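Working notes, beginning with the structure itself.
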Amino acid sequence: MARKNRVKLITVSAVIAVASLALSAIPAQAREIGVSATEIKFGMTVPMTGAASLGYNKIPGAVKAYFDYLNANGGVNGRNLKLIVKDDRYVPTEAVAKTNELILKDKVFALLGPLGTANVKAVAASVNPGRRGIPVLFVNTGFSGFADKKKYPTTYTAFPSYIMEAKIMGAYIKENFAGKKLGLLYQDDDFGSDALAGFKQAGIEFAVKVPYASGSQSSITAPVWITKLQAGGAEVVVLFGVTTASIFALSAAAGLKFAPQWILGSVGGDATTIKLAVGPSAAAILNGAIGASYVPATTDTDDEYVKLFSEIYAKAVPGQAFDNNVIVGMNAAFLTAQAVKAAGANPTRKSLMKAIDTQGANFASIALVPLNYSSTSRVGYNGYWFGKYSPTGDLKPVDGKYVLYTTDSGAGAIVKSTYKRPAMPAKGLPK
Amino acid sequence: MHKVKSSSHLLTFIFFGFILFLISNRVDELRVYQGVQISMYVIGISSLILLTGYSGQVSLGHGALLAIGGYSAAVAKNIYHIPTPLTFVVAVLITALAGAILGVAAARLSGPYLAGTTLTLAIAIPSIANQFKVLGGEQGLLFDVGFPPLSLGENFTQYKWYFWIGALCALISTWFVKNILGSRYGRTWRAIRSNDVAAELSGIGIARSKILAFTISAGVAGLAGALLAMSISTVSPSAFPLALSFSLLTGAVLSGISTLGGVIIGSVILVAIPELADAVANRIGSSEAVITNLPGFMVSALLILTVLLAPNGPVEQMRAHKAHKNHKIE
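This is how it looks when you write it as structure tokens:
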């Protein structure tokens, strides 16, 4: 009996083996992966649901809005750009699994705007797009390490790094709040350690430092942070976390009647998202707080980019507010379109990266600071302006004028920027 | 007689391994990557079958044991710089040790109390990593087994390398579990599961046997944990969510909790579900919230359906059906 079973098992196994051999003919690749005669596919992992998703889940919609606009205007060299989005819930292991799907199943040409320092890091280690030659464009994280071309050979940063932001913010604090007791809320990972490094460079000492674990932000943990900041006597508090952390912190502080001078980092400072989450009281809480940005204020409709982007977005996603997340998404899509155009009639992953290396610094963009790509640099933007949140809770430059400061992620000085943004190409389409 | 049987098992496993090897050279990379996950599940589920199906100890928190295995391997590699192949051995040994300690506690508990305790562990253990800097907090630790050896050729992909390692581990561990379940220990565990009073009366040391089952099951789970860590190159608390424990349990129920024969079925289903869910969600064009939650819903639905329609798992059910038919003919 046992013998009979064994023979059967072997027969079944053999049948399975032969069947799978027959089914597995792999078609030959004529064009680059993800590029067809009519379409180029990009893949993105972002938190669409979960603790950190609020606000950031508008980025894919913004990218698609620009791509649709571009495609309606003829695409790039006759090809439409398409975005495939996967929800990673801001969990690194999910990001790895979803990125694998994008690469192996959806066969995307390049990864675009993956979000979160820990996620991009986990993907780099595990999926290893660097070794496979898959471009990772304009990552939605300001971790300075991603600009290291040796370690991340196919990754392009966009945001000014968190070190740059902390350095510039440090200088601003020194100038405007000398002698005040300082408090800091930061995320306890590479995002936060970058910030700490930047503040240290700027010579800023915090009286109270409150770290939080990524994903732990909630209406239960936030009062604990605030109590610590309050007990430490902080007069100026920097919120250097994700948007949901800012939201919980500001709400808890309002509840505990703690009203220091707030300074919001660019990652967690999107006014629209905060207002949406906190409700009508948000404008009053935000009023007078200080924030940083490298793109024009979302309310600045005199700006040609803000005007065009907000029009495109309003048509594509009616009813959704135009905010910083939307600007980031649409700008990344705009940069991508220019990179694809510069990569030639039949773009390959190699020619795409070469195009950014050689021409990326001259790409048109909404930002008020320059791009710094070159054959040796994967640094995107490099500076910030500071402004105050208005009584309606919108971040606006003081006296209506953008004063920009640029620096690097190393020991470089902080310089008042003289960069003049070139005019937008006609209709906001790649030249 | 016994010896002959296990050596013939060995031949079957070697043959099966050869087939896996042939397949790995022919299918595309996505399937190879899924093969890595399947091998991880095969090991995890067989560990759960040994513990729950044979020795009758319910574990709702097997993910915690996988976490211990994954972290042991990563710590062994990153901090003690132990050669990669040995990190898997370390993972097995340390998790087995942890299992032995847990087993001592578990032997005093049964039914819902044991289920509750293991459930707590599944929640508590991964988050311990947040408390110690050396374990890397929420970001976790890297666990990189390295590139495939150059001698395998330039086109040999990373995932194929993972698959070879995973498949080899799965074959060895399944062979080991199969043999131990067929041995005196396996019979002892079944005796305890069926009727512990009767087992004790026939001279079986119940506590000792239960602890042994927990230890061995944990060791096997540790191996699965190390493989999971290998497949994503990292260990972090978020890699071992409660959902992992439930998936393993579902896989075990789908496989047929009291037989090892269906373990591959349960594993393949677990890996196929997210892909199926994706296909369904794309077809009906649903929202992100639906897409994210659909796999969990499908796993739960399958679990309930299996319990209702084939409580002993499809393989056992088929066997029973066949036995019934044979009986009729006679």
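Listed in order, the protein sequences are those of chains A and B. Start counting the first sequence at 402; every next residue gets the next number (our numbering). Start counting the second sequence at 1121; every next residue gets the next number (our numbering). Glycine included, each C-beta is placed from N, C-alpha and C at the ideal position. Keep in mind that this is a model prediction, so the values were computed, not measured.
- For tyrosine 1233 of chain B, there are no neighbours in chain A by C-beta distance under 9 Å, as the nearest C-beta there is about 29 Å away.
- Between leucine 585 of chain A and lysine 610 of chain A, the CB-CB gap stays under 7 Å.
- Excluding its 5 nearest sequence neighbours in each direction, glycine 1306 of chain B has C-beta neighbours in its own chain below 7 Å: Tyr1174, Ile1300, listed in chain order.
- Rounded to the nearest whole angstrom, the C-alpha separation of leucine 1239 of chain B and alanine 1249 of chain B is 17 Å.
- Within 8 Å of the CB of alanine 526 of chain A, the CB atoms of chain B belong to Leu1262, Asp1264, Ser1353, Thr1354, in sequence order along the chain.
- When Cβ-Cβ separations below 7 Å define contact, serine 1367 of chain B makes no contact with chain A.
- Residues of chain A whose Cβ lies closer than 9 Å to the Cβ of threonine 1412 of chain B are, in chain order, Met449, Thr450, Gly451, Asp488, Arg490.
- Looking at the DSSP output, proline 798 of chain A sits in a beta bridge with A:Gly788.
- Partner residues in the beta bridge of tryptophan 663 of chain A, as assigned by DSSP, are A:Val638.
- For leucine 512 of chain A, the three-state secondary structure derived from DSSP is strand.
- Taking a contact as a CB-CB distance under 8 Å, the pair alanine 473 of chain A and alanine 717 of chain A does not count as one, their CB atoms being some 10 Å apart.
- 7 Å or more divides the Cβ of glycine 784 of chain A from the Cβ of threonine 819 of chain A.
- With a threshold of 7 Å between beta carbons, serine 1175 of chain B makes no contact with chain A.
- Put simply, the CB of glutamate 1258 of chain B is near chain A, with a gap under 7 Å to one of its CB atoms.
- DSSP places tyrosine 613 of chain A within a strand segment (E or B) once states are collapsed to three.
- Taking the beta carbon of serine 1358 of chain B as reference, the chain A residues within 7 Å of it are Val492, Pro493, Thr494, listed in sequence order.
- Just so you know, the alpha carbons of asparagine 520 of chain A and leucine 512 of chain A end up roughly 13 Å apart.
- Each residue's CA atom was taken as its position, placing tyrosine 1279 of chain B and alanine 743 of chain A some 33 Å apart.
- In the DSSP annotation of this structure, glutamine 588 of chain A is not part of any alpha helix (DSSP H); the continuous beta strand (DSSP E) holding it starts and ends at 583-588.
- Shown here, tyrosine 1233 of chain B sits in a helix according to DSSP, grouped into three states.
- Around phenylalanine 1334 of chain B, the same chain offers Leu1171, Ser1175, Gln1177, Gly1219, Ala1220, Leu1222, Gly1223, Ala1226, Ala1227 as residues with beta carbons nearer than 8 Å, after the five sequence neighbours per side are excluded.
- Within 7 Å of the CB of leucine 1150 of chain B, the CB atoms of chain A belong to Leu505, Lys506, in sequence order along the chain.
- For tyrosine 782 of chain A, no alpha helix (DSSP H) run applies, since DSSP gives it neither H nor E.
- Within the model, the alpha-carbon separation for valine 1162 of chain B versus glycine 1236 of chain B is close to 24 Å.
- Listed along the chain, the chain A residues whose CB falls inside 8 Å of the CB of asparagine 1250 of chain B are Ala614.
- Within chain A, not a single residue places a beta-carbon under 7 Å from that of tyrosine 1305 of chain B; the smallest gap is close to 20 Å.
- For the pair of segments examined, the stretch 604-618 of chain A was found to touch the stretch 626-646 of chain A: the number of CB pairs separated by less than 8 Å reaches three.
- The DSSP-derived three-state label of lysine 487 of chain A is strand.
- Residue contact with chain A for alanine 1409 of chain B: present (Cβ-Cβ distance below 7 Å to some residue of chain A).
- Judged by their CB atoms, lysine 676 of chain A and glycine 634 of chain A are not nearer to each other than the 7 Å cut-off.
- According to the DSSP secondary-structure assignment, tyrosine 806 of chain A is paired through a beta bridge with A:Tyr785, A:Lys817.
- Among the residues of chain B, those whose CB is under 7 Å from the CB of asparagine 529 of chain A are Gln1278, following chain order.
- For tyrosine 573 of chain A, the uninterrupted alpha helix (DSSP H) segment begins and ends at 563-577.
- Apart from sequence neighbours up to five positions away, the residues of its chain that approach glutamate 636 of chain A with a beta-carbon distance below 6 Å are Lys581, Lys582, Pro661, ordered along the chain.
- Listed along chain A, the residues sitting closer than 8 Å to tyrosine 1153 of chain B by beta-carbon distance are Asn501, Leu505.
- For aspartate 589 of chain A, the chain B residues whose Cβ falls inside 8 Å of its Cβ are Gly1257, Glu1258, in order along the chain.
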